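Novice: Numbering (mature numbering (1 follows the signal peptide of the UniProt record, and there is no 0)), first residue to last: -19 to -1, 1 to 333.
Even glycine gets a Cβ: it sits at the ideal position worked out from N, Cα and C.
If you're wondering where the values come from, they're calculated on a predicted model, not measured in any experiment.
Written out as structure tokens, the structure reads:
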């Protein structure tokens, strides 16, 4: 079984090339090709700002607001999103639903799963779909991205506070959907809006919230159910890249939270150099596939599991059931387990 440490180190090698080469943009590039492209400069990767080594990391730089893009997708602008910022919201329609998507580490607005998720939302809703692209800071050595994350969250919070105030948009109508580090950022944003705007986000959906460097943190430093009126989380890789344990009002342990059907079972005995970024993160990013499918399907039926995640056995005495994904009932609570198919459609469609 692969471990979070090996995977993070593997992925960290990928990030080294981000500023200097487009090779990393190809999802089919293998680790072996990456290492060959890096050459003798690998030691420079372990510098935070060119001089300070990761071993001495105790703080990180302040992110620049202009480096973070807010892309507004609507039914009229599916392929050419408008760029908004804290001083310009001309393209926002305040009468429509606001959905905010936040990518994770080594990703961006065109990262795996997000174009499909945007299309799914615009197919269902005539909405304002805002994609937060913080890729300038997400494509960094993992501990540095983690250090920068709450600072980026403050910038996003400022935009949301200004947006809601100027356009009289209720915070209760905002739905944050974050994957991996994006899920953890959603938690910070939810906490900061309560502190800085005196308002509570309506809903946060965490798609396999990042686990490494968050596993032992207090609730105030990670996604938890106090960050929004309703928080639901989907766990798909909690033995490696995802967070192990509950972090929402409702927590879904998909296929017991790990080993997703259709993903190759890569072990430490395999030649990792032959695998792509998508291969190595299959279980982690599968949460994006499930969420996108759920937006226009209510076939993800989950059963309560009081002993999850430690013992993955569905409740048989007085079980409860709930839809996973977009149609999750905001009155639901507790832990649930659900099985999926190996390929799309992933939902098995067995009703309550």
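Cα separation between residue 266 and residue 174?
Specialist: Cα to Cα, the separation comes out at about 27 Å.
Novice: Could you tell me which of 133, 307, 207, 198 sits nearest to residue 47, measuring between CA atoms?
Specialist: Out of 133, 307, 207, 198, 133 has the C-alpha closest to the C-alpha of residue 47.
Novice: According to DSSP, is residue 169 helix, strand or coil?
Specialist: Residue state, collapsed to three classes: helix.
Novice: Would you identify the three-state DSSP class for residue 50, choosing helix, strand or coil?
Specialist: Residue state, collapsed to three classes: strand.
Novice: Using the rule of at least 16 other Cβ atoms within 10 Å of the residue's Cβ for burial, across every protein chain shown, is residue 307 buried or exposed?
Specialist: Residue 307 comes out buried.
Novice: Could you compute how far the alpha carbon of residue 347 sits from the alpha carbon of residue 207?
Specialist: Because the chain spans -19 through 333 in this model, residue 347 falls outside it and cannot be assessed.
Novice: Spatial neighbours of residue 77 within its chain, please: C-beta separation below 7 Å, excluding the five flanking residues on both sides.
Specialist: So the qualifying residues of the chain are 107, 108, 109.
Novice: Restricting to Cα atoms, I'd like to know which of 215, 202, 302, 275 is closest to residue 127.
Specialist: Of 215, 202, 302, 275, the residue nearest in Cα terms is 202.
Novice: Counting along the chain, where does the alpha helix (DSSP H) carrying residue 131 start and finish?
Specialist: First-last of the alpha helix (DSSP H) with residue 131: 123 to 147.
Novice: For residue 148, I'd like the list of residues in its chain whose CB is within less than 7 Å of its CB, leaving aside the five on either flank, ordered along the chain.
Specialist: Around residue 148: 70, 73, 75.
Novice: Grab me the residues of residue 313's own chain with a C-beta within less than 6 Å of its C-beta, minus the 5 sequence neighbours each way, in chain order.
Specialist: Excluding positions up to five away in sequence, the list reads 231, 303.
Novice: Would you mind listing the alpha helix (DSSP H) stretches within the segment 72 to 102 that are 4+ residues and don't spill past its ends, in chain order?
Specialist: With a minimum length of 4 residues, no continuous alpha helix (DSSP H) run stays inside the segment 72 to 102.
Novice: Can you give the Cα-Cα distance for residue 141 and residue 40, rounded to whole angstroms?
Specialist: The straight-line gap from Cα to Cα measures roughly 26 Å.
Novice: Would you call residue 259 buried or exposed, if buried means 16 or more other Cβ atoms sit within 10 Å of its Cβ?
Specialist: By the 10 Å Cβ count, residue 259 comes out exposed.
Novice: Within this structure, are the beta carbons of residue 301 and residue 275 separated by less than 7 Å?
Specialist: For residue 301 and residue 275, no; Cβs fall outside 7 Å.
Novice: Alpha helix (DSSP H) containing residue 318: first to last residue?
Specialist: No alpha helix (DSSP H) contains residue 318, which is instead part of the beta strand (DSSP E) from 315 to 319.
Novice: Tell me which same chain residues have a C-beta within less than 6 Å of the C-beta of residue 90, skipping the five on either side of it?
Specialist: Excluding sequence neighbours, residue 90 sits near 52, 112, 114.
Novice: Taking the beta carbon of residue 345 as the centre, do at least 16 other beta carbons fall within 10 Å, making it buried, or is it exposed?
Specialist: In this structure the chain extends from -19 to 333, so residue 345 is not present and cannot be described.
Novice: Assuming residue 204 and residue 193 form a contact by the criterion Cβ under 8 Å, report the distance between their Cβ atoms to the nearest whole angstrom.
Specialist: Wrong, their Cβ atoms sit about 14 Å apart, outside the cutoff.
Novice: Taking the beta carbon of residue 323 as the centre, do at least 16 other beta carbons fall within 10 Å, making it buried, or is it exposed?
Specialist: With fewer than 16 other Cβ atoms within 10 Å, it is exposed.
Novice: Go ahead and pull the three-state DSSP assignment for residue 271.
Specialist: Residue 271 falls in the helix class under three-state DSSP.
Novice: Among 283, 50, 144, 165, which has the Cα closest to the Cα of residue 86?
Specialist: Per the Cα distances, 165.
Novice: Residue -6 by DSSP, collapsed to three states: which one?
Specialist: Summary for residue -6: the model assigns pLDDT 49, below 50, so the residue's position carries little reliability, and this model does not support an answer.
Novice: Determine the extent of the beta strand (DSSP E) in which residue 285 is found, giving its start and end residues.
Specialist: Counting along the chain, the beta strand (DSSP E) containing residue 285 begins and ends at 282 to 285.
Novice: Find out if the Cβ-Cβ distance for the pair residue 335, residue 182 is shorter than 7 Å.
Specialist: Outside the displayed range of the chain (-19 to 333) lies residue 335, so it cannot be described from this structure.
Novice: Determine, for residue 171, whether the minimum Cβ-Cβ distance to residues of chain C falls below 7 Å.
Specialist: Here there is only one protein chain, and chain C is not present.
Novice: Label residue 291 either buried or exposed according to how many other C-beta atoms from any shown protein chain fall within 10 Å of its C-beta, with 16 as the threshold for buried.
Specialist: Under this definition residue 291 is an exposed residue.
Novice: Compute the distance between the beta-carbons of residue 159 and residue 153, then report whether it is under 7 Å.
Specialist: Cβ atoms of residue 159 and residue 153: not closer than 7 Å.
Novice: Could you tell me the distance, in whole angstroms, from the CA atom of residue 57 to the CA atom of residue 83?
Specialist: If I take the Cα positions, the gap works out to 21 Å.
Novice: Could you give the distance in angstroms between the alpha-carbon of residue 120 and the alpha-carbon of residue 92?
Specialist: Cα-Cα distance, rounded: 12 Å.
Novice: How about residue 271 and residue 224: are their beta carbons less than 7 Å apart?
Specialist: No, the Cβ-Cβ distance between residue 271 and residue 224 is not below 7 Å.
Novice: In angstroms with no decimal places, state the Cα-to-Cα distance between residue 239 and residue 315.
Specialist: Answer to the nearest angstrom: the Cα atoms are 19 Å apart.
Novice: CB-CB under 6 Å to residue 62, same chain, minus the five flanking residues each way: which ones, in chain order?
Specialist: The answer, listed in chain order, is 52, 53, 54.
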